[in-house]
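*Asks:*
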Amino acid sequence: MISIKTPEEIKILREGGRRLATVLYKIRDMVAPGVSTKELDTYAEKLIRKMGDTPAFLNYRPAGARNPFPATLCTSVNEEVVHGIPNANKILKEGDIISIDLGLQHKGLFTDMALTVPVGAVSNSSLKLLKVTEQALQTGINAICAGARVGDISYAIESFVRPHRYGIVEVLSGHGVGRAIHEDPYIPNFGQKGKGEKLVAGMVIAIEPMLNNGTKNVILAKDGYTYRTADGKKSAHFEHTVLITEDGAEILTKT
Ligand code: MG
Numbered sequence: 660m661i662s663i664k665t666p667e668e669i670k671i672l673r674e675g676g677r678r679l680a681t682v683l684y685k686i687r688d689m690v691a692p693g694v695s696t697k698e699l700d701t702y703a704e705k706l707i708r709k710m711g712d713t714p715a716f717l718n719y720r721p722a723g724a725r726n727p728f729p730a731t732l733c734t735s736v737n738e739e740v741v742h743g744i745p746n747a748n749k750i751l752k753e754g755d756i757i758s759i760d761l762g763l764q765h766k767g768l769f770t771d772m773a774l775t776v777p778v779g780a781v782s783n784s785s786l787k788l789l790k791v792t793e794q795a796l797q798t799g800i801n802a803i804c805a806g807a808r809v810g811d812i813s814y815a816i817e818s819f820v821r822p823h824r825y826g827i828v829e830v831l832s833g834h835g836v837g838r839a840i841h842e843d844p845y846i847p848n849f850g851q852k853g854k855g856e857k858l859v860a861g862m863v864i865a866i867e868p869m870l871n872n873g874t875k876n877v878i879l880a881k882d883g884y885t886y887r888t889a890d891g892k893k894s895a896h897f898e899h900t901v902l903i904t905e906d907g908a909e910i911l912t913k914t
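Mapping the sequence shown onto the working numbering, position 205 (from 1) lands on 864, and the numbers just tick up by one.
1. For the ligand MG, I want to know if E867 counts as a neighbour, meaning its beta carbon is within less than 6 Å of at least one of the ligand's heavy atoms.
2. Roughly how far, in whole angstroms, is the beta-carbon of I759 from the beta-carbon of L683, given that I think they are within contact range, below 8 Å?
3. Spatial neighbours of V836 within its chain, please: CB distance less than 7 Å, with the 5 preceding and 5 following residues excluded, ordered by chain position.
4. Where V740 and Q764 are concerned, what is the direct C-alpha to C-alpha distance, given to the nearest angstrom?
5. Tell me the DSSP bridge mates of G767?
6. With respect to 6 Å, is the separation between the Cβ of D843 and the closest non-hydrogen atom of the ligand MG below this value?
7. Cβ of D755 versus every heavy atom of the ligand MG: is any distance shorter than 6 Å?
8. Expressed to the nearest angstrom, what Euclidean distance is found between the alpha-carbon atoms of D890 and E668?
9. On the three-pair Cβ rule with 8 Å, is the region 854–861 touching the region 794–808?
10. Put P868 into one of helix, strand or coil per three-state DSSP.
11. A715 and G779 - do their beta-carbons sit closer together than 7 Å?
12. I'd like to check one pair, T874 with G826: are the Cβ atoms closer than 7 Å?
13. Could you check whether the Cβ of D771 sits closer than 6 Å to any heavy atom belonging to the ligand MG?
14. From G693 to I756, what distance separates their C-alpha atoms?
15. Just to confirm my understanding: we take H896, look at its own chain, exclude 5 residues before and 5 after, and list those with CB closer than 6 Å. What are they?
16. Leaving out five residues on either side along the sequence, give the residues of the same chain with a beta carbon under 8 Å from the beta carbon of D906.
17. Excluding the 5 residues flanking H823 on each side, which residues of the same chain have their C-beta closer than 6 Å to its C-beta?
18. Take F819 and list the residues in its own chain whose beta-carbon comes closer than 6 Å to its own, dropping the five residues that flank it on each side.
19. With H, G and I counted as helix, E and B as strand and the rest as coil, what does DSSP make of I840?
Here is the structure:
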């Protein structure tokens with residue numbers, strides 16, 4: 660069921676989103692060659708707890724998962740698409756790209772945000788992948804207004820990405836968010852205009868295109884969480900939590 664948030668809930672989500680973006684940008688600024696993904700995770704948890712909030716992914720157990728997710732931050736490097744598990748032995752190197760994805764619970768309500776960051780100097784093709792993926796997210800957000808449909812967002816993202824010939828991951832999608840970290844509806848990053856659920860003011864959704872510099876196909880690793888590109892090519896991921904308003908959208912995960 661799709662939930663419509665009350666004005667009180669929206670206030671809390673706006674503050675939660677501001678806090679989440681503040682933390683994630685601090686993590687972004689810490690990304691550098693020689694830093695382990697575990698160090699990023701430890702810092703994220705420390706910052707969230709210091710504000711009196713709760714990490715949303717730590718110990719979260721998605722439907723069908725054998726084990727709960729063991730960390731605060733998802734860290735997905737290069738060919739890892741999403742849901743990578745931080746590890747003290749995974750040291751970032753110059754030329755890597757890393758997706759950092761973080762969920763935060765503030766006063767009982769959830770927001771979700773991700774971005775992909777270059778580690779030191781990276782190739783032009785990596786820079787282009789990051790730029791197009793971030794633009795795809797903004798294109799999806801621009802397609803939002805009350806009365807539009809989920810398919811309008813999906814179509815906008817897909818038609819923006821197609822000329823760049825990146826693989827659009829299909830088995831993972833955006834989602835409703837707020838009272839839980841994952842709510843209805845699903846927001847696929849491909850689809851048809853005019854199809855799907857109608858967007859109503861007060862709905863809160865996370866939009867998160869995942870683009871691969873090769874095949875759209877992904878493989879789930881043995882850890883049960885990490886998705887990788889099937890061809891080993893790099894992948895990028897950007898995400899915002901967005902409030903549907905009468906005349907458009909408000910990004911909640913911003914400083
Ligand atoms: Mg998400």
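By construction, the Cβ of each residue, glycine as well, lies at the ideal position given by its N, Cα and C atoms.
For clarity, every value in this text was computed on a predicted model and none was experimentally measured.
*Replies:* Taking the definition as stated:
1. At least one heavy atom of the ligand MG is nearer than 6 Å to the Cβ of E867, so yes.
2. The beta-carbon distance between I759 and L683, rounded to whole angstroms, is 6 Å. This is short enough to meet the 8 Å contact definition.
3. Hits under 7 Å: F769, T770, D771, E842, V863, I864, A865 and T900.
4. The straight-line gap separating the alpha-carbon atoms of V740 and Q764 is approximately 24 Å.
5. In the DSSP assignment, G767 forms no beta bridge with any residue.
6. Answer for D843: no, Cβ out of range of the ligand MG.
7. At a cut-off of 6 Å, the beta-carbon of D755 does not count as near the ligand MG: no heavy atom of the ligand is closer than that.
8. Each residue's CA atom was taken as its position, placing D890 and E668 some 42 Å apart.
9. Output reads yes: the region 794–808 touches the region 854–861.
10. For P868, the secondary structure class from DSSP, reduced to helix, strand or coil, is coil.
11. The answer is no: Cβ separation not under 7 Å.
12. Yes; because the gap between Cβ atoms is below 7 Å, this pair is in contact.
13. The nearest non-hydrogen atom of the ligand MG is less than 6 Å from the C-beta of D771.
14. Distance between the alpha carbons of G693 and I756: 13 Å.
15. Cβ neighbours of H896 beyond the five flanking positions: V741, S758, A773, T775 and M869.
16. Correct list, in chain order: C804 and A805.
17. Same-chain partners within the cutoff: V791.
18. Once the five neighbours on either side are set aside, the close Cβ partners of F819 are A795 and T798.
19. I840 falls in the coil class under three-state DSSP.
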